[in-house]
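Chains A and B supply the protein sequences, listed in that same order. Under the numbering used here, the first residue of the first sequence is numbered 347, with each subsequent residue one higher. Under the numbering used here, the first residue of the second sequence is numbered 271, with each subsequent residue one higher. See below for the structure under consideration.
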Amino acid sequence: MQQSTRTQNIPLRGRPSVSLDPNSTPRLAAGCRLGENNNQRVLLMPERALRLNGPSLEIVQRCDGQHTIQQIVADLQKLYSKAEPEKVAQDILGYLKLLHDQRALDFESSAPL
Amino acid sequence: MPTNLSNPLALIAELTHRCPLHCVYCSNPLELTQRSTELSTETWSRVFREAAELGVLQADFTGGEPLARSDLVDLIRAARGSGLYVNLITSGLPMDETRLASLVDVGLDHIQLSFQGSRADTAAEISNTKSHPQKLRVLEWFKQHRLAVTLNFVIHSRNIDQIPEMLAIAESSCATRVEFANVQYYGWAFANRENLLPTREQLASSIELIKQAQERLKGKIRIEYVVPDYYAKFPKPCMGGWSRKLMLITPNGSALPCHAAQIIPGLQFENVKDRDLRKIWENSAAFQKFRGEDWMQEPCRSCDRRELDFGGCRCQALLLTGDAAATDPVCSLSPQRGKVDAILQAANAFPLVGAQHAAPLLATVSATEVDSQKLYQPNWLYRPNPA
């Protein structure tokens, strides 16, 4: 068995525009959770780990099934007030889609019960 | 930690070489570890603690078959308790619903379930065990739990045409990740290679099929495909480089840079019973042997790719050239690439796949008298269970 745990930084910039339901609540998929080692926060998933720094950490921490995408965008626009709001929004959506394609994230409907 | 040495990211815990299956492609060494020499729960627990302190993020529980360890729940608890993410690499045997629930309850993060084929008869031939129905049962039980699930279909010439059926199994399951992993040739796979290596044509068709599936299932299932590296132009960056990212502990406590390293002559391996993990990682002669670039021969030594693939696999270089320090002959830049080409030529000139290509043993035997599957079945070397 030659699996390896690979870590990588995923740059937030330079991805194409994506549209997702702003009322859906992203939630870490089963078996995906936050971890830490040597002061480095990571997103742990099957046989892989992603380093989380700054914006990526702020986003993933809010993928708890409670924050809507709209809320996450609003929070980060406030945190990174010097950055262009639309750019922040597109970066967040791109990152969320990337995590979803890697099956680290599920988008849940926030429709009330 | 010396400044130019990074810490390992994963610990491969080879808990036992015992296994209810006898797969012809098994990557365990030909010399299997005896049960009586297996590490205790306590020793493994200490190893997990030391691994976490060393910066390891994940433990891969494997074997043999990790389910053969009766203390598996305790091992998972210990690894999670030390802060490690736990992957269980398993055949799914022996297990019932209660046992699965106990593994999940104690904190198992991810389970990778192997498949030897999409059909029971293929699986029975490859593993010499009636294991396929149990795997399908286990697959259903997964749906009751919040658990990351990966399906690992081990691919070779005998089942590469079953990829569409394998995809169907995956799609009706709760797996979010599927690996189609072509056999790589070490251990038992190396011994059975002639009957496992697919043809170029088989490989090309499989790549096309999988590419289509990746696109179609994007966002639902993440599909990864590993091709046999004999067919590649450049070698794989084996283990992420020798002793750079991973370390493996054998069932009796030997610390190895990879699962096959014990075939390399002249290496001394330390044991976790005698020395703590950090000292082994930093100082073990076996770990130091192929670190950095000083050991490299040409063309690796001055090659632009040396930081990409590290010269490929040391064990493969040994198996195919007799020299563990040689360029992995899979590399198109290796002066010994011809050895790999000869193997591929044989596999493609005389493919042993399917009844229509194989030479019948007895020309005059009637098809109704003899099980035609058995007539064309290769002379497999099956992996035994250790003492």
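Just so it is clear, CB atoms sit at the ideal spot from N, CA and C, and this is done for glycine as well. All values derive from a computational prediction rather than experimental measurement.
- Taking 9 Å as the cut-off, the beta carbon of B:Pro656 is found no closer than this to the beta carbon of B:Ser604.
- Among the residues facing chain A, B:Gly489 is included, as its CB has a counterpart in that chain under 9 Å away.
- Separation of the CB atoms of B:Thr446 and B:Ala418 is rounded to 7 Å, and the pair is thereby assigned contact status at 8 Å.
- The Cβ-Cβ distance between A:Arg379 and A:Phe453 does not fall below 9 Å.
- In this structure, the beta-carbon distance from B:Gln454 to B:Ser388 does not fall below 9 Å.
- Annotation: Cβ neighbours of A:Asp447 in chain B (cutoff 9 Å, chain order): Lys488, Gly489 and Arg492.
- 9 Å or more divides the Cβ of B:Phe460 from the Cβ of B:Cys601.
- Here B:Phe580 is buried, its C-beta having at least 16 other C-beta atoms within 10 Å.
- In this structure B:Glu308 does not touch B:Leu518 by the C-beta definition: roughly 15 Å separates them, more than the 8 Å allowed.
- In the DSSP assignment, B:Met517 falls within the unbroken beta strand (DSSP E) covering Leu516 to Ile519.
- Taken in chain order, the complete beta strand (DSSP E) segments of 3 residues or longer contained in the region 501 to 557 of chain B are 516 to 519.
- DSSP lists B:Asn422 as the beta-bridge partner residues of B:Ser384.
- Looking only at B:Asp574, B:Leu406, B:His426 and B:Ser352, the smallest Cα-Cα distance to B:Arg470 is reached by B:His426.
- For B:Ala418, the chain A residues whose Cβ falls inside 8 Å of its Cβ are Ala375, Ala376, Gly377, Cys378, Met391 and Pro392, in order along the chain.
- Between B:Val326 and chain A, the shortest Cβ-Cβ separation is below 9 Å.
- Identification of chain B residues near A:Asn383 by a Cβ-Cβ cut-off of 7 Å yields Gly325 and Leu327, ordered along the chain.
- Here the region 378 to 394 of chain A makes contact with the region 373 to 385 of chain B; the two share three or more CB pairs at distances below 8 Å.
- DSSP, read as helix, strand or coil, puts B:Ile359 in strand.
- Using a CB distance cut-off of 9 Å, B:His380 counts as an interface residue toward chain A.
- For the region 424 to 501 of chain B, the continuous alpha helix (DSSP H) assignments of 4+ residues that do not extend past its boundaries occur at 433 to 441, 457 to 461 and 470 to 486, in sequence order.
- Within chain A, the C-beta atoms nearer than 8 Å to that of B:Arg447 come from Pro392 and Arg449, in chain order.
- For B:Leu373, the closest C-alpha among the options B:Val294, B:Pro336 and B:Gln606 is that of B:Pro336.
- Here the region 492 to 499 of chain B makes no contact with the region 295 to 308 of chain B; the two share fewer than three CB pairs at distances below 8 Å.
- The region 558 to 593 of chain B contains, as complete alpha helix (DSSP H) runs of 4+ residues, the segments 576 to 579 and 584 to 591 (chain order).
- The beta carbon of B:Leu279 sits closer than 9 Å to some beta carbon of chain A.
- Taking 9 Å as the threshold, the shortest C-beta distance from A:Val406 to chain B does not fall below it.
- Sorting A:Glu404, A:Leu442 and A:Gly440 by C-alpha distance to the C-alpha of A:Lys424 places A:Glu404 at the top.
- When B:Asn553, B:Val343, B:Cys508 and B:Thr591 are compared, the shortest CA-CA separation from B:Arg576 is found for B:Cys508.
- Taking 3 residues as the minimum length, the beta strand (DSSP E) runs contained wholly in the region 354 to 424 of chain A are 371 to 374, 379 to 383, 386 to 391 and 394 to 398, in order along the chain.
- Residue pairing by DSSP places B:Thr332 opposite B:Glu284 in a beta bridge.
- Contact check for B:Tyr456 against B:Cys585 passes: the beta carbons are separated by less than 9 Å.
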